[in-house]
Amino acid sequence: MTTLKYLQAYPASLQDKIRQLIAQGRLGDYLAQSYSGRHEIQSDKALYAYVLELKQTYLRNAPAIDKVLYDNRLDLTHRALGLHTAVSRVQGGKLKAKKEIRVAALFKEAAPQFLQMIVVHELAHLKEAEHNKAFYKLCEHMLPGYHQLEFDLRVYLTWRELPVT
1 MTTLKYLQAY
11 PASLQDKIRQ
21 LIAQGRLGDY
31 LAQSYSGRHE
41 IQSDKALYAY
51 VLELKQTYLR
61 NAPAIDKVLY
71 DNRLDLTHRA
81 LGLHTAVSRV
91 QGGKLKAKKE
101 IRVAALFKEA
111 APQFLQMIVV
121 HELAHLKEAE
131 HNKAFYKLCE
141 HMLPGYHQLE
151 FDLRVYLTWR
161 ELPVT
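Under the UniProt record's numbering, the sequence shown has 14 at position 14, and the numbering climbs by one with no breaks.
Take a look at the structure:
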């Protein structure tokens, strides 16, 4: 039985459906039905503007974001598709925390929905640090259908790692 490392937290019945699609060679077709194409946000500057627009729409009172970029060093081996960090620096005798969002570079090639899901996830961390009920409620508020997108993103990551035949 194929181990689906990105889908281990999901029910066995869902995992079996994905295994069946893999066995039939149809997992890519399943994804292409809903997530064809690639988004236009290819530069760090465009990503910054995209993130700020979403933040302005849903999280006006959240802390300002100082830096947003695609990060080539984020990858699946570190279990990180995006990061939110607060870098602290001393400026004029005061401690300043700079908020950063880094998105794994693999999302340059992804469907627009997957990029939006990762950005929403990282923005939600500005309000909720933990992955708790309030966190996921905020994600769902910013992106209706968030849970399905998260599942499909995990299916996409599984598909990316399949051997090419």
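C-beta atoms are modelled at their ideal positions from N, C-alpha and C, and glycine is treated no differently.
Bridge partners of Tyr70 according to DSSP: Val103. Non-local beta-carbon contacts of Tyr30 in its own chain, meaning distances under 7 Å to residues more than five positions away in sequence, involve Leu21 in chain order. In the assembly as shown, Thr158 is a buried residue. Its beta-carbon has 16 or more other beta-carbons within 10 Å. Between Tyr6 and Arg154, the alpha-carbon positions lie close to 5 Å from each other. Between Ala124 and Tyr70, the gap from beta carbon to beta carbon reaches 9 Å or more. When secondary structure is reduced to three states using DSSP, Lys127 falls in the helix class. Per DSSP, Lys45 is one residue of the alpha helix (DSSP H) stretching across Asp44 to Tyr58. For the pair of segments examined, the segment 130 to 144 was found not to touch the segment 92 to 108: the number of CB pairs separated by less than 8 Å stays below three. In this structure, DSSP gives Lys94 an extended state, which the three-state scheme calls strand. For Lys55, same chain residues with a beta-carbon under 7 Å away, outside a window of 5 residues either side, are Ala62, Ile65 and Leu123 in chain order. Contact annotation, Tyr35 with Phe114: C-beta distance approximately 7 Å; criterion of less than 8 Å satisfied. The straight-line gap separating the alpha-carbon atoms of Leu52 and Thr3 is approximately 38 Å.
Excluding its 5 nearest sequence neighbours in each direction, Val120 has C-beta neighbours in its own chain below 6 Å: Cys139, Met142 and Leu143, listed in chain order. The DSSP-derived three-state label of Ala62 is coil. A Cβ-Cβ separation of about 20 Å leaves Ala110 out of contact with Arg26 under the 8 Å criterion. Around the beta carbon of Gln116, 16 or more other beta carbons lie within 10 angstroms, which makes this residue buried. According to the DSSP assignment, Thr158 belongs to the alpha helix (DSSP H) that extends over Tyr146 to Arg160.
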